[in-house]
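Written below as structure tokens is the structure these notes are about.
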Amino acid sequence: GNSVTQMEGPVTLSEEAFLTINCTYTATGYPSLFWYVQYPGEGLQLLLKATKADDKGSNKGFEATYRKETTSFHLEKGSVQVSDSAVYFCALSSGSTLGRLYFGRGTQLTVWP
Amino acid sequence: EAGVAQSPRYKIIEKRQSVAFWCNPISGHATLYWYQQILGQGPKLLIQFQNNGVVDDSQLPKDRFSAERLKGVDSTLKIQPAKLEDSAVYLCASSLTGGNTIYFGEGSWLTVV
């Protein structure tokens, strides 16, 4: 079946620190992979995506590389800001399920000044 | 471009009462989704529509939940009677036919007391 496992939170960092949030997946077929972000009181926003192996998604300084050999899609940012404080969700969409998303449990990130 | 619109944003009801949520997807998006997000968990798909037809409702508790999309545009999700465990954020989302990028609304926050 399809599932996503994210590292447990919460993650607390100082401003300008390096961020990694681990995400691994199991999937049937050839999935597309996503990171969504949810700011307090808001809905989910697409942060970045990758649709095939070795693709790198990037946006707002965040990056993630689709690693088929390790079934991973870890989120990284070189220097976090206070405004990055949010909940981050890793998700997959398997081609056989017409775009339906399977989400991880989410990782709460708090960045202190 | 207008995003996915949802209403109401917040609702508090007593158990055994009923509630309805409304969603208007992005213009031109034939695929519409309702997700349930319980606090501390990732969103879970309840139902997926393609135009006005149901593609997947395998996770919808049909004894109390119902959803419709009569004209293939906006949609209503109803819960009757509500239970305490229905307290969650109900997220509506939409995408283009065959697309694998899903856009979410801000969500309708339900508290059942």
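Order-wise, the sequence lines are chains C and X. Position 31 of the first sequence, counting from 1, maps to 13 under my numbering, and the rest follow consecutively. Position 66 of the second sequence, counting from 1, maps to 184 under my numbering, and the rest follow consecutively. All C-beta atoms in this analysis are idealised placements derived from N, C-alpha and C, irrespective of residue type, glycine included.
### Inter-residue Cα distance where the pair is C/Y84 and X/L157
16 Å
### Chain-order list of residues whose beta-carbon lies under 8 Å from that of C/K50 (same chain, five-residue window excluded)
A35 and D36
### Query
If we count the other Cβ atoms within 10 Å of its Cβ and call it buried at 16 or more, is C/V64 buried or exposed?
exposed
### Collapsed DSSP secondary structure at C/D37 in the structure displayed
coil
### Query
Does the Cβ of X/I220 have 16 or more other Cβ atoms within 10 Å, making it buried, or fewer, making it exposed?
buried
### Message
So C/G11 contacts chain X; which residues on that side make the cut at Cβ distance below 9 Å?
### Response
Here the premise fails: no neighbours, minimum Cβ distance about 12 Å.
### Message
Does the CB of X/D181 have a neighbour CB from chain C at under 9 Å?
### Response
no
### Message
Taking the straight line between their C-alpha atoms, what separation do you get for C/G82 and X/L163?
### Response
Per the sequence shown, residue 82 of chain C should be read as Arg rather than Gly. Distance between the alpha carbons of C/R82 and X/L163 is about 8 Å.
### Query
Quick one: is X/V191 near chain C, going by C-beta distance under 9 Å?
no
### Query
Of the residues X/Q159, X/A206, X/W152 and X/S213, which one's Cα is nearest the Cα of X/E186?
X/W152
#### Entry: Span separating the alpha-carbon of C/L29 from that of C/T52
22 Å
### Task
Starting from X/F139, find everything on chain C with Cβ-Cβ shorter than 8 Å and list it in chain order.
Within 8 Å Cβ-Cβ: nothing; X/F139 doesn't reach chain C, min ~13 Å.
### Query
Between which two residues does the beta strand (DSSP E) harbouring X/L228 extend?
S226 to V230
### Query
Is there contact between the region 2 to 20 of chain C and the region 125 to 142 of chain X, where contact requires at least three CB pairs shorter than 8 Å?
no
### Contacts around C/V(-7), its chain only, beta-carbon distance under 8 Å, and the 5 residues preceding and following it disregarded
L1, I3, T89, Q90, L91 and T92
### Message
Once the 5 residues before and after C/G(-9) are set aside, which same chain residues still bring their CB inside 6 Å of it?
### Response
T89 and Q90
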